[in-house]
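889 is the number that my numbering gives the last residue of the sequence shown; the numbers go up by one with no jumps.
Built from N, CA and C at the ideal position, the CB exists for glycine as well.
The structure appears right after this line, and notes come after that.
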Amino acid sequence: MCVTCGCGEGDVRIEGATAHHDHVHDHEHDPAPAHSHAPGITPGRRVQIEQDILAQNNAYAQANRRLLAERGVFALNLVSSPGSGKTSLLCKTIDLLKQPAVAVIEGDQQTSQDAERIRATGAQAIQINTGKGCHLDAHMVGHAMAQLKLADDSLLMIENVGNLVCPAAFDLGEAHKVVILSVTEGEDKPIKYPDMFRAASLMLLNKIDLLPYLTYDVDAAIGYARRVNPGIQVIQLSATSGAGMAEWLAFLRDGMARDQAARQQTVAGLQARIARLEAQLQARAA
Ligand SMILES: Nc1nc2c(ncn2[C@@H]2O[C@H](COP(=O)(O)OP(=O)(O)OP(=O)(O)O)[C@@H](O)[C@H]2O)c(=O)[nH]1
Ligand SMILES: [Mg+2]
Ligand SMILES: [Zn+2]
Ligand SMILES: [Zn+2]
């Protein structure tokens, strides 16, 4: 069940996994919280169920985050309404980055079309079909990560289910949520769906190649986004024409370099600690 919209969860399917619950990674499963479809559920009970679902999700997200940090993988969670251009942007990004270490997790209710579009670029991709579910959660993403061959110091991009509401509440273990707003959707989406724009660190304003044909007020859209999230970074771009892509690639390269440096520091710190312990042991033995 989704804590935001209360929709049901159908059969989740993860490509490569023999069944949804074949476990190749080492997390424990808490018993699933009771679902709230029963009529007559009290508001207090509903709040409790929501807290349980989010707490369980946060535990899986922390496990994903730990694993990503150990590998120095920079992970982004791409969120938007359907059709804003997430997959087009991913394909263009992979082409322009010109480096093999990019992996993608695709989330949709049905079909593996987006994962196939990604694989056509040469990058590895795993499709998650959420069935009736309206968002990815950290548990599904943990399983998909286990199916991917994540290289050290690489980039993982997660395309969430097209939905401007529910994915805002679910941490997947990513470094940042990136919200994509296309100029055909109207300027006012940030104030109509503020949770998503508040949760994101970066807004990509996509399809700017269409601006000459529209009456779209870019400054108003950015103003609305900053009204709900004053710190949000904004990049205007077009996945079709390639305009603005250099700034987005710089954001990705900076993030990858930071995570790589953090991993190297951890490795160097561990090596120094081992060396100190070895020296202490030798001193004791002497
Ligand atoms: N003109 C223009 N069209 C774009 C741009 N980016 C994507 N599109 C078009 O927008 C439509 C939707 O693009 P997708 O990449 O499938 O969008 P999506 O967000 O992945 O869609 P879902 O996965 O279904 O939510 C396609 O027809 C794309 O060709 C762009 O920058 N400019
Ligand atoms: Mg897509
Ligand atoms: Zn929902
Ligand atoms: Zn599991």
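| Item | Value |
| --- | --- |
| Collapsed DSSP secondary structure at N547 in the structure displayed | With the chain represented from 604 up to 889, any question about residue 547 goes unanswered, as that position is not in the structure. |
| Chain B within 8 Å of L699, Cβ atoms only | The structure shown contains no chain B; it holds only a single protein chain. |
| Heavy atoms of ligand 3 versus C-beta positions, residues under 5 Å | C605, T607, C608, C610, C737, C769 |
| Residue(s) in a DSSP beta bridge with S785 | N809 |
| Limits of the alpha helix (DSSP H) - the one that V831 falls within | 821-831 |
| Straight-line gap, I877 to A853 (C-alpha atoms, nearest Å) | 36 Å |
| Bridge partner(s) assigned by DSSP for N732 | R616, D711 |
| Three-state secondary structure assigned by DSSP to E762 | strand |
| Beta bridge counterpart(s) of A678 as assigned by DSSP | L759 |
| heavy atom of ligand 2 below 7 Å from T690 C-beta | yes |
| beta-carbon D698 near ligand 1 non-hydrogen atom, thresh 7 Å | no |
| Residues bridged to I838 [DSSP beta-bridge criterion] | L807 |
| Same chain, Cβ closer than 8 Å to S639, five either side skipped, listed in chain order | Caution is warranted here: a pLDDT of 46 is assigned to S639, below 50, making its placement in the model unreliable, and the coordinate value is therefore given only provisionally. So the qualifying residues of the chain are M604, G609, R648, R649, I652. |
| heavy atom of ligand 6 below 7 Å from E762 C-beta | Of the ligands this structure carries, namely ligand 1, ligand 2, ligand 3 and ligand 4, none is ligand 6. |
| Inter-residue spacing [alpha-carbon to alpha-carbon] between L699 and T733 | 30 Å |
| Assigned secondary structure, H742 (DSSP; H/G/I helix, E/B strand, else coil) | helix |
| Sufficient close CB pairs (3 or more, under 8 Å) joining the region 787-803 to the region 734-746 | no |
| P770 classed as buried or exposed, judged by whether at least 16 other C-beta atoms fall within 10 angstroms | buried |
| Proximity test, D717 beta-carbon vs ligand 2 heavy atom, cut-off 7 Å | yes |
| For V870, the three-state DSSP class (helix, strand or coil) | helix |
| Reference I731, options Q867, V768, R887, A620, closest by Cα | A620 |
| Reduced DSSP category for A637 - H, G, I as helix; E, B as strand; rest coil | Because the pLDDT of A637 is 43, which lies under 50, any placement of that residue in the model is unreliable, and the question is left without a value. |
| Nearest-angstrom Cα separation, counted from T843 out to E719 | 19 Å |
| Assigned secondary structure, V627 (DSSP; H/G/I helix, E/B strand, else coil) | Interpretation of V627 is limited by its pLDDT of 48, a score under 50 that renders its predicted location unreliable; no figure is taken from the coordinates. |
| Secondary structure of A706, DSSP reduced to three states | strand |
| Cβ-Cβ distance between L753 and L759 below 8 Å | yes |
| Separation of I721 from V606, as counted between CA atoms | 30 Å |
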